[in-house]
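Q:
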Amino acid sequence: MSYLKTTYDVYKDAALKPDVGLCCTTNPIWELPGLKIPKIMQEMNYGCGSTVHARDLSNNPKLLYVGVGGGMELLQFAYFNRQKDGVIGVDMVDEMLEASRKNFKEAEQMNPWFKSDFVALKKGDALNLPVEDKSIDVAAQNCLFNIFKAEDLKKAIEEMYRVLKPNGKLVMSDPTCEQHMNDTLRNDDRLRALCLSGSLPLADYVKALTDAGFGTIEIRARKPYRILDPKHYPTDELIYIESVEVAAIKDPMPDDGPCIFTGKAAIYYGDKPFFDDQKGHILLQNQPLAICDKTAKALSDLRREDIYISESTFHYDGGGCC
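Counting in the numbering used here, the sequence shown runs from 2 upward without gaps.
#1: For Leu-303 and Pro-113, what's the separation of their Cα atoms in angstroms?
#2: Give the DSSP-derived three-state secondary structure of Tyr-1 in the structure shown.
#3: Can you tell which of Val-172, Ala-100, Ile-89 has the C-alpha that lies nearest to the C-alpha of Ala-55?
#4: Excluding sequence positions up to five away, which residues of its chain have a Cβ less than 6 angstroms from the Cβ of Leu-36?
#5: Return the first residue and the last residue of the alpha helix (DSSP H) that Gln-286 is part of.
#6: Do the segment 244-263 and the segment 58-71 meet, that is, are 3 or more Cβ pairs less than 8 angstroms apart?
#7: By the three-class DSSP mapping on this structure, what secondary structure does Leu-43 have?
#8: Within a Cβ cutoff of 7 angstroms, which residues of the same chain sit near Asp-10, ignoring the five residues on either side of it in sequence?
#9: Could you tell me the distance, in whole angstroms, from the CA atom of Phe-276 to the CA atom of Ala-267?
#10: Indicate whether the contact test is met: 3 or more Cβ pairs, each with one atom in the segment 210-223 and one in the segment 143-152, closer than 8 angstroms.
#11: Quick check on Gln-142: does DSSP put it in helix, strand or coil?
#12: Under 7 angstroms Cβ to Cβ from Ser-244, same chain only, skipping five residues before and after it: list those, please.
#13: Enumerate in chain order the residues of its own chain whose CB-to-CB distance from Asp-14 is below 6 angstroms, with the five nearest sequence positions on each side excluded.
#14: Let me confirm a value: Ala-204 is counted as buried when at least 16 other C-beta atoms fall within 10 Å, else exposed. Which label applies?
#15: Skipping 5 residues on each side, what residues in its chain have a beta carbon closer than 7 angstroms to that of Arg-187?
#16: Is it true that the CB of Phe-262 sits closer than 9 angstroms to the CB of Ile-292?
#17: Straight-line CA distance for Met-73 to Met-182?
#18: Out of curiosity, what's the CA-to-CA distance linking Gln-84 and Thr-236?
#19: Which class does Ile-310 belong to by DSSP, given the choice of helix, strand or coil?
#20: In the structure shown, what three-state DSSP assignment does Thr-211 receive?
#21: Between Ala-100 and Leu-5, is the Cβ-Cβ spacing less than 9 angstroms?
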C-alpha cells in the first residue's frame, strides 16, 4: 500500500467519524463579526495553524483551498468573498467532500450571509489540480504538503504555481523539523499521513518554493507543534516539530535571488534624518524597517556602526523592504 493510499484511508475514516485528536491546531478559531463556525467544523479542523489572513483577502480574490477537511477554512475564506464559486475546495476523498457539503448546510443556518454555492467543491488532488492556469489569486493548504515525499512535493508546489495568477499568493501551514528524522520514522506511511513524519527543515521547505519560481517568501509564524519521543513513536531520539505559516508570492524572481522574509528588521540610529543605501531602501532615524534576509546581509556588509540588524523573529506581517 502506498503512502498516498494510506493517507486516503486515514482521512476517509476521519470524514466518516470526526477525530478531534487527529491534528492539533495551534491557532484559535477566527472570531469575526457575523461569522459563526459549526462545532462539527471545529472537530474536523485537521490542520496545524491557519491559512486565513485578512491582508491577503481584499477585493474579492478568487480562492483555492486544497484538502478541505470539514470545511472550516473554506467557510472563513467565503467570509471575504461572498459570491458564487468565489472559493474552490479540492479534495481526493469523496467522503470528506460529502461531509463538507453537509457542514455547509449547517453553516447556512448559523450565518445568514453564507450560501453553500459560495464554495465550489471539486474532486481532485494537489498533484493534478482541476483548476485552470493562472486563474487563482490566493491558494492555500494546511498540513497537506508535509505528507508528500520529495518528488510529489515538487509536483504539488509546481501545480500551485501553475494555477496562480502573476503576483498571486500561496499560503501554507505545515509542520517542519530542524532535527534529523530516522528512516524508520520517515518511512512510516501512517505517521506520514498524520503529518508526523517526513517534516522538512524550514530551509529545505523554503528552497522547494523558490525552486518552483516563487520570488518572495514570507515566514509569518513559527510555533511549537509536537514532540515525537521514543516512548510513543518509532524513533531513537527526541524530535521537536514546529508549525510554520508561510506565504509564497508569485513575483518575478530577482536577478540576485529570492526575497525571503524571516522577520528581520533594520534600525538606523545615526545623526542624519535618514539613511539611503541607494538600492531602494530608506531607513528613517530610529524607525525599524522590515527587511528580507538578502537586504539584511547587504546592510550588514556595509559594517556601519549606526545600523542595527535584528535576528530573525520568524514573524513577518508585511510592509517590508522589497
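Here a beta-carbon is modelled for each residue, glycine too, at the ideal position from N, C-alpha and C. Quick caveat: nothing in here was measured; it's all calculated off a predicted structure.
A: Taking the geometry as given:
#1: 57 angstroms
#2: Coverage of the chain is limited to positions 2 through 323, which leaves residue 1 absent and any answer about it impossible.
#3: Val-172
#4: Tyr-80
#5: Neither: Gln-286 is in no alpha helix (DSSP H) and is coded neither H nor E.
#6: no
#7: For the record, residue 43 in the displayed sequence is Gln; it is not Leu. Residue state, collapsed to three classes: helix.
#8: none
#9: 11 angstroms
#10: no
#11: strand
#12: Thr-27, Cys-49, Gly-50, Ser-174, Pro-176, Lys-224, Tyr-226
#13: none
#14: exposed
#15: Ser-198, Gly-199
#16: yes
#17: 31 angstroms
#18: 48 angstroms
#19: strand
#20: helix
#21: no
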